[in-house]
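Q: One structure, pasted below without further comment.
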Amino acid sequence: MQAGMRMKTTPFLPDTTIGIIGGGQLGRMMALAGRAMGYRFNVLDPDEAAPARAIADTFFQGSFADTEGLMRLAEASDVLVYEFEHIDTHSLEMVARIKPLPQGVTILRLAQHRALEKEGLSAHGFPVAPYTLLRTPDDLIPALKKLGLPVVVKTTSGGYDGKGQWHIQTEGEIQIVRRAIEAVYANFRANRDDREPDRPTSITKEEMPLYDESLDRVDRNGRAVRGFLSSDLVRVPLIVERFIPYEKELSVIVSRRADGESQVFPVAENHHVDGILRRSIVPARVPDAVQKKAAVLATAIADAFGVVGLLAVELFYLPDGTLLINELAPRPHNSGHYTLDAVSTSQFEQFLRAVLHLPLGDVRLFTPVVMVNILGEHLPSLLKVLPTLDARVKVHLYGKKEARAGRKMGHLNILAESVEEALEVARTIGIS
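Numbers 0 to 431, taken from numbering that gives the first Met the number 0, label the letters of the sequence shown in order.
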């Protein structure tokens with residue numbers, strides 16, 4: 000729970016004004032769902048052409064690192080939510096002192112920083128791939144000796160859609176990747192030194208950015224120990240993970256209210272190309288026992304970190320049936336877009352129900368579905384075949400003005416009697 004405001008557990012009723020931090024497609028679909036429920040929306044985004052602007056009652060143009068812009072949004076709204084992770088959490092804590100922020104900041108900090116995320120999950124005993132931290136480029140060789148090849152080197156912050164990652168499969172690639180991470184490290188140090196001087200060593204619980212109440216414990220002498228993750232983790236620019244050959248990539252989305260009530264959406268099987276999600280298949284083609292295990296794991300993570308809203312848990316499914324956590328997203332997720340047409344309660348409505356403390360909706364799947372992302376390069380060919388598409392192919396466009404290669408312009412939800420039939424329809428459309 001954020002400092003300064005007690006968690007509200009009475010419902011926010013229709014006509015409440017919700018302030019969304021972020022005006023992308025997630026904010027747009029969130030606002031569309033909320034308008035049908037009778038809510039009003041303000042949106043803050045630096046892009047004057049943000050997709051959610053067309054749905055907002057009031058649009059505020061401003062940076063997510065700008066406390067003044069966040070304050071203006073807060074003053075005009077009754078409750079605040081965020082639709083993505085790249086937000087300055089210190090500014091967010093300040094506005095959370097004046098208006099409710101049901102999602103809180105703890106899970107956001109973990110999701111923003113891979114080192115914090117791995118350490119936080121590991122501290123709770125949740126399964127992650129073996130990893131080590133790279134505090135300097137000189138740590139690379141010891142890390143490779145510890146983990147062995149192949150590995151993936153990842154930036155700890157700012158990466159998405161496969162960006163900020165380097166694979167090392169052979170010894171011949173080590174020096175190439177080292178040069179890349181030296182550049183990352185130099186840039187990281189320059190930026191950190193400019194904007195965030197070292198914090199003092201004496202920090203109160205309220206000021207400590209990495210305090211996690213869920214890690215509080217009692218030591219062997221009976222003394223209370225507060226659950227801090229190491230404060231210098233934010234100064235770790237890179238991590239190295241052992242590459243684990245996996246059979247499938249899965250994701251599961253859990254909704255959770257402040258009182259602990261939760262619901263889990265059906266597990267999605269995801270396929271990426273060049274780091275970008277191309278399609279999600281639901282139900283996932285894995286045994287029922289694996290789907291149940293994924294649901295239990297996601298719920299346990301949400302409970303451990305006190306999630307309010309949604310938590311998407313991306314997973315690797317290994318050939319031996321093991322599940323490893325790849326990363327977390329405390330918001331609606333691309334792999335959950337299928338819920339708009341194949342589940343009674345979409346992830347966007349469910350998110351709002353959770354943060355507004357309304358009863359959670361039914362999340363049972365009523366038809367097999369394949370969700371296919373529409374990228375900028377797909378749009379011209381899709382528009383040509385659009386008039387001929389079957390009614391069970393649901394088209395969702397995000398209202399973005401400029402179509403660029405690799406940019407998510409919308410998605411299709413293809414409903415069918417089986418996922419195989421839906422995949423065949425996707426192939427005939429030509430954008431799967």
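Note that beta-carbon positions come from the ideal geometry of N, C-alpha and C, so glycine has one too.
#1: Helix, strand or coil: which one does DSSP assign to Arg255?
#2: Which one of Gly163, Ser156, Val150 and Asn186 has the shortest CA to CA distance from Val172?
#3: Given that a residue counts as buried once 16 or more other Cβ atoms are within 10 Å of its Cβ, and exposed if not, what is Val384?
#4: With respect to the beta strand (DSSP E) encompassing Phe59, which residues constitute its N-terminal and C-terminal limits?
#5: Val272 by DSSP, collapsed to three states: which one?
#6: Taking 6 Å as the limit between beta carbons, can you name the residues of its chain near Ile97, skipping five residues before and five after?
#7: Put Gly171 into one of helix, strand or coil per three-state DSSP.
#8: How long is the line joining the alpha carbons of Arg278 and Gly360, rounded to whole angstroms?
#9: Rounded to whole angstroms, how far is the Cβ of Gly305 from the Cβ of Gly103, which I believe are closer than 8 Å?
#10: Mind checking who Gly124 pairs with in its DSSP beta bridge?
#11: Mind checking Val272: buried by the 16 CB within 10 Å criterion, or exposed?
#12: Beta strand (DSSP E) containing Pro36: first to last residue?
#13: What residue range does the alpha helix (DSSP H) around Val424 cover?
#14: Using a threshold of 8 Å, state whether the C-beta atoms of Arg418 and Arg284 are closer than that.
#15: Note down, in chain order, each residue of its chain lying with its Cβ closer than 6 Å to the Cβ of Gln290, except the 5 sequence neighbours on either side.
#16: Could you give the distance in angstroms between the alpha-carbon of Gly259 and the alpha-carbon of Arg177?
#17: Helix or strand or just coil, what does DSSP make of Lys153?
#18: As a quick exercise: from Pro367, Met370, Pro329 and Leu378, pick the residue whose alpha carbon is nearest that of Pro101.
A: Let me lay it out:
#1: strand
#2: Position check: residue 172 holds Glu in this sequence, whereas Val was assumed. The option with the nearest alpha carbon to Glu172 is Val150.
#3: Here Val384 is exposed: its Cβ has fewer than 16 other Cβ atoms, across all protein chains shown, within 10 Å.
#4: Thr57 to Gln60
#5: strand
#6: Ala73
#7: helix
#8: 25 Å
#9: 7 Å
#10: BP columns for Gly124 are empty, so no partner.
#11: With fewer than 16 other CB atoms across the displayed protein chains lying within 10 angstroms of its CB, Val272 is exposed.
#12: At residue 36 the sequence reads Met, which differs from the Pro that was named. Careful: Met36 lies outside any beta strand (DSSP E) and carries neither H nor E.
#13: Its alpha helix (DSSP H) spans residues Val418 to Ile428.
#14: A quick correction: the sequence has Val, not Arg, at residue 418. Cβ atoms of Val418 and Arg284: closer than 8 Å.
#15: Val266
#16: 45 Å
#17: Three-state result, Lys153: strand.
#18: Among Pro367, Met370, Pro329 and Leu378, the Cα nearest to that of Pro101 belongs to Pro329.
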